[in-house]
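As structure tokens, the structure follows; a few thoughts come after it.
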């Protein structure tokens, strides 16, 4: 069984419930504890399914004990180490920046979560898999390219039942679903080990500066010492194997620990902040979407890896690999991590790293504010060109 | 004549000298006023040539009046505007970073200088063109790919005459060549509108941090106001056509002026500093070379252009253009600006910019120190891999 | 109006019918006269639409007089010249072979037809556009990427009405739709100026050799003279501008005439026969599809253009253009001719042809049989790999 | 020692000669028995070197016993199997056609020969390696990129000694070097397992048709049976592992045997004839060169592999691999087989073949004449464009 190896790290929060009624079968639901996954969970139960809720922990900050609601079983699995070693490391090796900037934090997390969800489904004999992403963005594609999902948000019966996203809270109240304390957060947040990312709401309009309260990973620079942290990072085959703080001697040698340490050190200095407009793969509301991301460890490793490469990789190999890196970023961003072509590209990129080893010293200094460049754009999407492109994009989406 | 259009901007510093002896012909020498160009000038005169010294001004800071030495004629031409419009703008449109980082400042200047030098040669009926780059680095290639040059540093007669680079000063003294006041600068500096760059000497060893005195473009941040400058940059067809300071209303609308203004505003904040190791095209002493570069205006425009692109360029066009951008960076870096393939790629990149227009607001804040990432690498080039690669590179160089 | 320029070449076969009943509006139907377009026409009438049948003539051999059935108006337009000059010439310049072999005959015809159909729709004030391709193959995508179409074959009401494709003839008989004389042709044929292509039925199984009756463009080689035809083809900017038969002096200088002449001369020798398995973009029944194609003129021009290129195009330009050619073939094959990215690639390819000019002599000899390589493959699609790939493809299709 | 494994296949034709005089050291000479290699051998002896002649047999047809002339030792090694398995198989997997046509026969043989020559040199303690290619063509680069060679044709002392290529025969006669019986062959021939190739002399001018006597691998088609040979070719991991003649049951299962069998069957039908103009990498006399090549087995395998790929390789993997194939062809053609970048590309291509397996039936029919397309081109290299390009190429060559 594919699940055996990782069983010990799985917490089964609830015992199996023996329900009298005959079930339509089990649905494994990618459960986040958010209002809408809770509503979906309830609705699927109403339809006669047994729900196995599955929470993947990739180091987002959540109180998992709060989350057990209405599921027959709840599995929580910490896949942080796998996320770092099987997904983030490849991204570092690829030196990929989607559209020249984005370190692919969210795009990397999806295939990791889905893989584990499929494993659970097979292990527990589930018949269906469900997720809660809506029909509006990239994420549905990233999930669905991997396996067939039941997607209640695209099912008229569910949609009519909850009377749209805006009435979801009403539906939740009626059915005793616990309402999150901050229902009105003016943006959506996604956090995983690789990054924390803010989209929609206030940040969506590129005319708005990111509100200061966004920068949760940034300590008040006034309190930070004004001498830099000096870190020595050692690479083997293009991945970091050791991080040492030159001043205090702190050393980490396992993937997960060194990555978390880099997040901590670089995060408090505000390193790794980016503010970008993405040219989305599929986005019904708008073909472009502004997001603010913080990826401290990823940013430091991106640069430290570039330097190690400069010293150890043949110039011509690097050029060929650079083209493969563009392809990798495109495939991961558009949700094709598990495709044959991405598997091929990943193999080639890993191969190019055979001799990428060495030690790099990085001096990490706080910056006055996390933003160096804050870009605002007077783009009016109603102009003719924009509309044409918008429709073109839609037709692409339909036909593909 | 190709020269007519720009004649008015050329200063002819010296009247033609009528010398009694018969000359072997005229050599147009790309003259920088440095010790070695002065020595070459003298040596070429010794060989019986008439020298037309040609100084191209692309906004390096030099006292041109000091430079007239021994030439039959000295032409000084300010090609700053051409450099911005015909070379830098294309680089901005291409979003090229050679090896993911380098904005190509020096690589862009070479074909600009050589073009003008060829123009002068034709205009003045010169028979030969000469330059002073040694046999060690990329620059000889960048020059020579464009036309046939006499290269005294690779001519045994010259090399033996001056008894090597180290004895150059002796030769200069003997022949009354004025010695620059700072003969012992511990690095070499190259400045043009696009960047100022420090290589060789102390910075060459990546174990050394860049000495503070390098950062000549950076004002003391303590004296800078701690509110950001807000600049609005307007793009048409992928190039900036207007820059306004939102606070004080300063506005620039010509290429050269707005570029110089960006250099000034961003420079005093320390924006655009990079510290890299290049994987050189041809480098006899070492296949890799560390350099510290400052490209304030280029860096701001690189980012502002990325944002304008995100709003206006089709996602799939962008991907194709990204591949062409990699090729462009490679061709420019290796000196092939004037090749048919680079001409083709430049045409395609310009075509991709037809709809790249909009306004971007950039907030420019000082950083505590110009360095955010200071990378040092314990690379020992005597290990087996390094040596193999070194020889491999040499054989490439020989054969290509 | 976009239609004005080409009005004179349009034949309006039937006068407008004034029908008493109120119509739901006009549908412009891409009409081929085939059984299923006739049935769709009838069914759309049953639904209350006025039908404007539009036949695009790109030199398929059909008796257009036979085709007027039940439409309110029938427009026939000969777009052969546009097809050659605006579509085929670009394909020749690109040197594209999809998956190393296929000259893209069908893929090129689709965007040509759809363009004209949209023009007619705008001109006649039609509200809808319909086509008859089923949900099974590439062609629906090629049509639909260009505009929104009503696709009856994917509409349950139509599908149930005619009780599936197999009962279509029954439906036709009941409603007086003329049955084509050869309803049982054991394969489907697609003909246009660029090629004649046979798919489905007997040829679909790659274990079957193409039946001799397929080779309709090939004269009996026994009757052909055993001396070659010698043709001289002159290129300018990468397209043929003159074809002369060296022996009899026949000369053609307009695009359409010279292309038809090449089809005739090369066709009788059996040149341009290919027998391939395509890796289809979207194909519900099977991800791969075998087809037999004959593209005589296209094949000769492909080779003659290669030779002209070898003499006139810079080696490095050619390499860059080769990459763009791969992209062009992919975009055209998958139906993206009218996308921004294909427009960009087409522009770049055309630019690369500025200096591709010269004369090429081609000696065209009959071959004993049109097939040199007849490939059969013992591929069992039920093996595990095949199934995995099949599902993978489906998921791609769904999600894209 | 790297030589041990292959020792048994090496024939040592002559015993070591103990010469009284002190030697300057041993030179391993890539010896072909041609007039110029014999002259070089003699000249190197005159200079005081001991010569170890090394003949690599890759199935060219030569009488090796005739070849022993003047060398201290002569080694003959048959590397046909290595050539097929380590070089040709990769080319088949890559589906590479340099400039859309050329199967790279000569380009593949060079790195194979040089590898073995280096092995011998190490084994026998030779100090130098020499070859006989002139300064005019691609081959010198292909040799020299691999190791440092002494190249007498580019050494003034040798060139002056023999008074140029035209006086070589005179020099040979004076020194008793056996003159080949056909000194005046009006073209140069290169034969190896992959192809036979004719260049220079009569074929060089693309206005000339290839003389009938060129087609040495083609049997008179009048005598060939007019029923096709049906061959079944089985692939595993993208390389042929079995070839069976469906009619007579002949079967071959080892690399070398099946490849030779395909050469025989396809050769007698005239399959695999190409007549091309190459855009040479380095060619002092002319930047383009016409060649006529016959690669019977290679051509059949190229097509059979394409079909197997069509059934077994994912469409998107294929596209990425196609780009790598272009790079591979470029690297092999320009002599970079042993470079790090080619090693990387070869690894990636091999990886893409993991699932390329299946059986293909090929029907091989004779064609009336080996030429289907005989292209002649009225190219006048003295026109301005040509000259510019010619010089441009030269400057590239010099500078690279």
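Residue numbers (the UniProt record's numbering), protein chains in the order written: chain W, 1 to 400; chain Y, 1 to 400; chain C, 1 to 400; chain H, 1 to 400.
In this text, a Cβ means the ideal position worked out from N, Cα and C, and glycines have one as well.
For residue i and residue j, I'd like the C-alpha separation in whole angstroms.
| i | j | result |
| --- | --- | --- |
| residue 362 of chain W | residue 248 of chain W | 15 Å |
| residue 118 of chain W | residue 74 of chain W | 15 Å |
| residue 242 of chain C | residue 96 of chain C | 22 Å |
| residue 107 of chain Y | residue 232 of chain W | 32 Å |
| residue 105 of chain H | residue 324 of chain H | 19 Å |
| residue 291 of chain W | residue 40 of chain C | 47 Å |
| residue 235 of chain H | residue 315 of chain H | 19 Å |
| residue 44 of chain C | residue 168 of chain C | 15 Å |
| residue 256 of chain Y | residue 301 of chain Y | 13 Å |
| residue 354 of chain C | residue 364 of chain W | 52 Å |
| residue 85 of chain C | residue 109 of chain Y | 42 Å |
| residue 190 of chain Y | residue 319 of chain Y | 34 Å |
| residue 309 of chain H | residue 322 of chain H | 12 Å |
| residue 330 of chain H | residue 326 of chain W | 21 Å |
| residue 101 of chain Y | residue 274 of chain H | 45 Å |
| residue 27 of chain C | residue 76 of chain C | 16 Å |
| residue 198 of chain Y | residue 293 of chain Y | 6 Å |
If we count the other Cβ atoms within 10 Å of its Cβ and call it buried at 16 or more, is residue i buried or exposed?
| i | result |
| --- | --- |
| residue 46 of chain Y | exposed |
| residue 401 of chain C | What is shown of chain C runs 1 to 400, which leaves residue 401 of chain C out entirely. |
| residue 246 of chain H | exposed |
| residue 99 of chain Y | buried |
| residue 174 of chain W | exposed |
| residue 176 of chain H | exposed |
| residue 122 of chain H | exposed |
| residue 334 of chain Y | buried |
| residue 462 of chain C | Here chain C covers residues 1 to 400 and nothing more, so residue 462 of chain C does not appear. |
| residue 170 of chain H | exposed |
| residue 250 of chain Y | exposed |
Can you list, in chain order, the residues of its chain with a C-beta nearer than 6 Å to that of residue i? Leave out the 5 residues immediately preceding and following it.
| i | result |
| --- | --- |
| residue 299 of chain Y | 271, 272 |
| residue 305 of chain C | 92 |
| residue 53 of chain C | 29, 31, 71, 74 |
| residue 229 of chain C | 265, 364 |
Please list, in chain order, all residues of the same chain as residue i whose beta carbon is under 7 Å from its beta carbon, the five residues on each side excluded.
| i | result |
| --- | --- |
| residue 82 of chain Y | 112 |
Check the C-beta distance from residue i over to residue j and give it rounded, since I have them as a contact under 8 Å.
| i | j | result |
| --- | --- | --- |
| residue 328 of chain W | residue 317 of chain H | So it is not a contact: roughly 13 Å between Cβ atoms. |
| residue 94 of chain W | residue 193 of chain W | Wrong, their Cβ atoms sit about 17 Å apart, outside the cutoff. |
| residue 238 of chain C | residue 356 of chain C | 4 Å |
| residue 351 of chain W | residue 348 of chain H | 7 Å |
| residue 346 of chain Y | residue 103 of chain Y | Not really, about 17 Å apart at Cβ, beyond 8 Å. |
Which same chain residues end up closer than 8 Å to residue i when comparing Cβ atoms and leaving out the 5 residues on each side of it in sequence?
| i | result |
| --- | --- |
| residue 311 of chain H | 358 |
| residue 88 of chain Y | 108, 193, 194, 259, 298 |
*Whole beta strand (DSSP E) runs in the segment 226-258 of chain W with 3 or more residues, listed along the chain?*
For the segment 226-258 of chain W, whole beta strand (DSSP E) runs of length 3 or above, ordered along the chain, are 229-236, 239-245.
*Could I get the ranges of all uninterrupted beta strand (DSSP E) runs contained in the segment 282-344 of chain H, with 3 residues as the minimum, in chain order?*
The qualifying runs are 288-294.
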